[in-house]
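The sequence shown runs 1 to 220 under my numbering. So the structure is just underneath, and the comments pick up after that.
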Amino acid sequence: MELREFFAIVRKRMWIITLLVIVAVITSFILSAFVVDKIYSSSTSLILVKESSEQTPIEYNDILLNQRLVKTYSEVIKSRSVLQKVTEQLHLPMTVEELSEKISVESVNDTEIIKITVEDKDPRLAASIANTSASIFMDEIVKLLKMENVQIIDHAQIPKEPVRPRVKLTVAVSFFIALMAGLGVVFLIEYMDNTIKTPDDVKNYLDLPVLGTIPEVVER
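Given below as structure tokens:
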């Protein structure tokens, strides 16, 4: 099949592609903008430090130790004891397991910084959970390890814009998927259509000469 035949097939059934694209774009926009719940994200940052003085300056081994402690501390933040106290202090109508799914803890580029991120439908609640988790974690570390080597760098702020759903990205992806699907449907219909429509079809498929054609009669 030549390239011009591809374009002819697409042009002949362009309405199918157009209809699919319009339906997909409108549907994805309505769902992402008005139906799907908006999720907000808020983060607080902690850093592991050691107070230095003229007698005990900070050494390189202290930094390495703190970097190793980051993984341990990350597990403590999401421990049941910490999350249980968060739910009780904020009077959250959820279980510890449900709260754990909202919280993610990570180290920032293998540094001594721990980032606590909370995602929730309520932006104020997301910030409150992040800050409360950091505060309770710092108290627990003192009780468990007898260490006061954690400080807050940034408190969680109330987010203004949701992180999900991303309406523009969703609409763009829907557009390209519908476009590809429309092209597939058009070529499938063309492949399944074995009727003779033009003199060229007689030559191509039947290998017979065309003796004549009957013109279309338009009544006036």
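By construction, the Cβ of each residue, glycine as well, lies at the ideal position given by its N, Cα and C atoms.
- Between the segment 151-159 and the segment 123-138, the count of C-beta pairs closer than 8 Å reaches three or more; the two stretches touch.
- The straight-line gap separating the alpha-carbon atoms of T111 and V186 is approximately 54 Å.
- Shown here, K168 sits in a helix according to DSSP, grouped into three states.
- The segment 186-196 makes no contact with the segment 66-83; the number of CB pairs closer than 8 Å stays below 3.
- Secondary structure note for T27: its alpha helix (DSSP H) is the uninterrupted segment 14-30.
- For D154, the enclosing beta strand (DSSP E) covers residues 150-154.
- Under the 8 Å Cβ criterion, the segment 27-39 counts as touching the segment 163-173, having at least three qualifying pairs.
- For the pair P199 and G212, the Cα-to-Cα distance works out to about 9 Å.
- Taking I16 as reference, the option from K197, I214, A181 with the minimal CA-CA separation is A181.
- Contact between the segment 87-99 and the segment 128-146 is established, with three or more Cβ pairs separated by less than 8 Å.
- L46 is positioned such that its CB atom lies no closer than 7 Å to that of I141.
- From the listed residues S100, I177, I9, I196, the smallest Cα separation to V21 is found for I177.
- Per DSSP, reduced to three states, the secondary structure at L208 is coil, with no helix or strand assignment.
- Residue burial is scored here from C-beta neighbours: F137 has at least 16 other C-beta atoms within 10 angstroms and is therefore classed as buried.
- Counting along the chain, E140 sits inside the alpha helix (DSSP H) bounded by residues 123-145.
- DSSP places K115 inside the beta strand (DSSP E), whose first and last residues are 113-120.
- Residue pairing of Y40 in beta bridges, as defined by DSSP: D120.
- Excluding its 5 nearest sequence neighbours in each direction, V202 has C-beta neighbours in its own chain below 7 Å: I196, L208, V210, listed in chain order.
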